[in-house]
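Sequence order for the protein chains is D and L. All residue numbers for the first sequence refer to our numbering, where the first residue is 61 and numbers rise by one. All residue numbers for the second sequence refer to our numbering, where the first residue is 61 and numbers rise by one. No residue lacks a Cβ here, since even glycine has one placed at the ideal position from N, Cα and C.
Protein chains: 2
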Amino acid sequence: MSGSETIGVDLGGTKMLIGVLSGTERLYEQREASTGQTEDELVELLVREVTEARDARPNVTAVGLGIPATINHDEGIAVSAVNLPLADLPIREIVSERVGLPVFVDNDGNVAALAEYLYGAAQGKPHMVMLTVGTGIGGGLILDGEIYRGSTGAGAELGHVVIQADGPPCQGNCPNHGCVESLASGTALGREGRAAAESAADSALGKLLADGKEVDGKAVTEAALAGDEIAVGVFDLIGGRLGVACASLANIFQPNAIVVGGGVIAAGDLLLEPARREVRERALNPMNQTPILEATLGNDAGMIGAAAMARSEVARVSA
Amino acid sequence: MSGSETIGVDLGGTKMLIGVLSGTERLYEQREASTGQTEDELVELLVREVTEARDARPNVTAVGLGIPATINHDEGIAVSAVNLPLADLPIREIVSERVGLPVFVDNDGNVAALAEYLYGAAQGKPHMVMLTVGTGIGGGLILDGEIYRGSTGAGAELGHVVIQADGPPCQGNCPNHGCVESLASGTALGREGRAAAESAADSALGKLLADGKEVDGKAVTEAALAGDEIAVGVFDLIGGRLGVACASLANIFQPNAIVVGGGVIAAGDLLLEPARREVRERALNPMNQTPILEATLGNDAGMIGAAAMARSEVARVSA
Chain D
61 MSGSETIGVD LGGTKMLIGV LSGTERLYEQ REASTGQTED ELVELLVREV
111 TEARDARPNV TAVGLGIPAT INHDEGIAVS AVNLPLADLP IREIVSERVG
161 LPVFVDNDGN VAALAEYLYG AAQGKPHMVM LTVGTGIGGG LILDGEIYRG
211 STGAGAELGH VVIQADGPPC QGNCPNHGCV ESLASGTALG REGRAAAESA
261 ADSALGKLLA DGKEVDGKAV TEAALAGDEI AVGVFDLIGG RLGVACASLA
311 NIFQPNAIVV GGGVIAAGDL LLEPARREVR ERALNPMNQT PILEATLGND
361 AGMIGAAAMA RSEVARVSA
Chain L
61 MSGSETIGVD LGGTKMLIGV LSGTERLYEQ REASTGQTED ELVELLVREV
111 TEARDARPNV TAVGLGIPAT INHDEGIAVS AVNLPLADLP IREIVSERVG
161 LPVFVDNDGN VAALAEYLYG AAQGKPHMVM LTVGTGIGGG LILDGEIYRG
211 STGAGAELGH VVIQADGPPC QGNCPNHGCV ESLASGTALG REGRAAAESA
261 ADSALGKLLA DGKEVDGKAV TEAALAGDEI AVGVFDLIGG RLGVACASLA
311 NIFQPNAIVV GGGVIAAGDL LLEPARREVR ERALNPMNQT PILEATLGND
361 AGMIGAAAMA RSEVARVSA
């Protein structure tokens, strides 16, 4: 396998990232492209980008797609997605026929976790849980060095672990109440930031509100990083809630680490220290010592992980 | 492996169950013995029983021990236990030297799950989650047909998944609040049963209380099975809470089934129907269709699973 290379594609809500993973160079000619407005457009743009990458690198042996959707991994189908025009699309077969290479598809959270395990924060940690905290909270599981997908590939929905059974309704297509996504996502950060701004007019957040500016997750993060105590308190609340879910996940998996990525991790330890406190105080011994680490690959995690997933699938097939 | 047999031991708080698992007969001469009062006594009694089983069955190739304790599986150590006099005991090495057979140790919840997967409610369901609802709530995970243990063997503490972050303190050595164990175990069933009895003097439970009789989990179960509406309502509460945890576990694992065993399952669907309702209403599609099944092996699950675990370890070593 040493000479082989794989293409990785991270399909986001508005753009896709394409790169080539090779044993020696890791990432070759990373590109960015629109995902289009319709399913047909998405497929055309995807095929065009993958074809270009294939033509540029003759040693490419397979393609991996990381998609923010419910995936049937074995059948290569994107079952349903909130932010992409995809429904029951046999994307593996379609792309494979068009580009003449084996294609493998997986959930974006799963492949991001694989990337952090192989090249990022969790290197050498074969049991790891990843939480991607953005608008929602995505998840990925690496167990014994392999992606865990559930019985047909829809598992690892770690944002939809309940932390408060009588909590607020969750987001998007989730019918649950009190999920960690509803209480500790970037959306919740903005909501709690606005509530804090309203109750503390003298704070940096209160002044933003008085000036008619938007108090969202980004604004709360900037204020907290600049030392505003009210904003730091909002992160204490949000990070603590994240930590309640981390304590449950630590008790379930006894992982070598829990890795936190996504946009909200821009706040770093302002988010993670309260989470670590809850894990220390709530998890059983020895799970209360589970390291809670910051992801290191940022926006490249999905693309790197998609390519690495394809590489491991090729190795499995030829084993 | 067809001619080989393994000994399984389920080490309970006051007694142990010993049996031999063979491909054709499954259980041979099942026995019961005391576990003694001290660590030394426990080891002596265990060695005596295993030696007898070994002498009776010449094809025995290994011994499996299922122990209600934190286990280091790879090193064969019982790290800590709440209800047994065991602490940092290298029980695999000790028993192996004394009986002259390979010995493998595992958590009792893990091996019970393996038994239900191989011989019980979850046959043919390679991704399964097991909850054992008794005084506490134990857990076991079978992922892709194998026991999942965590990084050193302390994982699958599924009773310590939070369902209400600001809930009551948990039991035993758990520092957490609002674990499903604190809200939906047999202990919680008795507590909620007493509360219901106090507020409904005319109910069957209220009359028990007035007569000075104990209102515990068993009494609530009997009253509910006899049709007392107040007792049925207590099961609706407890089963619903169990279902909140099941919804989280379904979202995490997308298992083929969740199997519920332990003493409280005597109430059958009175416990499981409210749990199924919560999973249907709370879990994401398709995890909201996860079957919630009653365990079928009862008290034999630990012993059968311990023997099956030893058999699979022998196969792994010789592979």
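Under the 10 Å beta carbon count, L/Ser308 is surrounded by 16 or more other beta carbons and is classified as buried.
Under DSSP, the beta-bridge partners assigned to L/Pro229 are L/His237. With distances taken between CA atoms, D/Asp100 lies nearest to D/Ile151 out of D/Ala141, D/Thr111, D/Val189, D/Ile151. It is roughly 8 Å from the alpha-carbon of D/Val110 to the alpha-carbon of D/Ile78. Taking every protein chain shown into account, the CB of D/Ala286 has fewer than 16 other CB atoms within 10 angstroms, so this residue is exposed.
Proximity to D/Ser94 across D/Gly83, D/Val107, D/Ser82 peaks at D/Val107, based on C-alpha coordinates. Between L/Ala138 and chain D, the shortest Cβ-Cβ separation is not below 9 Å. Residue contact check for L/Val377 against chain D: no CB pair falls below 9 Å. Counting along the chain, D/Leu332 sits inside the alpha helix (DSSP H) bounded by residues 329-342. The beta carbon of L/Asn236 falls within 9 Å of a beta carbon belonging to chain D, placing the residue at that interface. According to the DSSP assignment, D/Lys267 belongs to the alpha helix (DSSP H) that extends over 264-270. Taking 9 Å as the threshold, the shortest C-beta distance from L/Leu302 to chain D does not fall below it. The beta carbon of L/Gln224 sits closer than 9 Å to some beta carbon of chain D.
Chain-ordered, the chain D residues with CB closer than 9 Å to the CB of L/Leu344 read Thr130, Ala214, Glu217, His220, Asn233, Cys234, Pro235, Asn236.
Looking at the DSSP output, L/Ile131 sits in a beta bridge with L/Ala138.
A residue is called buried once 16 or more other Cβ atoms fall within 10 Å of its Cβ, and D/Ser259, having fewer, is exposed. In this structure, the CA atom of D/Ala366 is about 9 Å from the CA atom of D/Thr66.
Counting along the chain, no alpha helix (DSSP H) covers L/Leu218, and no H or E run does either. Against chain D, a Cβ distance below 7 Å from L/His187 picks out Gly210, Ser211. For D/Lys75, there is no enclosing alpha helix (DSSP H); the residue is found in the beta strand (DSSP E) stretching over 75-82. Take L/Ala283, set aside five residues on each side of it, and the residues of its chain with a beta-carbon closer than 7 Å to its own are Ala264, Leu265, Ala291, in chain order. Annotation: the continuous beta strand (DSSP E) that includes L/Asp166 extends over 163-167. In terms of Cβ geometry, D/Thr192 and D/Gly321 form a close pair [threshold 9 Å].
When Cβ-Cβ separations below 9 Å define contact, L/Gly169 makes no contact with chain D. Chain-ordered, the chain L residues with CB closer than 7 Å to the CB of D/Leu203 read Leu203, Tyr208.
Residue-level contact check: D/Asn348 touches chain L, since one or more beta carbons of chain L fall below 9 Å from its beta carbon. When C-beta distances to chain L are compared with 8 Å, the residues of the stretch 331-342 of chain D below that value are Glu341, Arg342, in chain order. Taking C-beta separations shorter than 8 Å and ignoring five residues to either side along the sequence, the partners of D/Gly232 in its chain run Val142, Gly196, following chain order. L/Ala248 and L/Ile298 have their alpha carbons spaced roughly 8 Å apart.
The stretch 117-131 of chain D makes contact with the stretch 357-374 of chain D: 3 or more CB pairs, one atom from each, lie closer than 8 Å. For D/Ala147, there are no C-beta contacts with chain L under 9 Å, since the nearest C-beta of that chain is about 13 Å from it. Judged by DSSP secondary structure, L/Asp148 falls within the beta strand (DSSP E) whose first and last residues are 147-149. Within the same chain, Cβ atoms closer than 7 Å to the Cβ of L/Asn348 are found at Val339, Arg340, the five residues on either side in sequence being excluded. The Cβ of D/Gln314 sits closer than 9 Å to at least one Cβ of chain L.
Scanning its chain for C-beta atoms nearer than 8 Å, with the 5 sequence neighbours on each side dropped, one finds around L/Val155 the residues Val103, Leu106, Val107, Val110, Val123, Leu125, Val163, in chain order. Counting every other CB atom within 10 Å of its CB across the protein chains shown gives L/Lys185 a total of 16 or more, marking it as buried.
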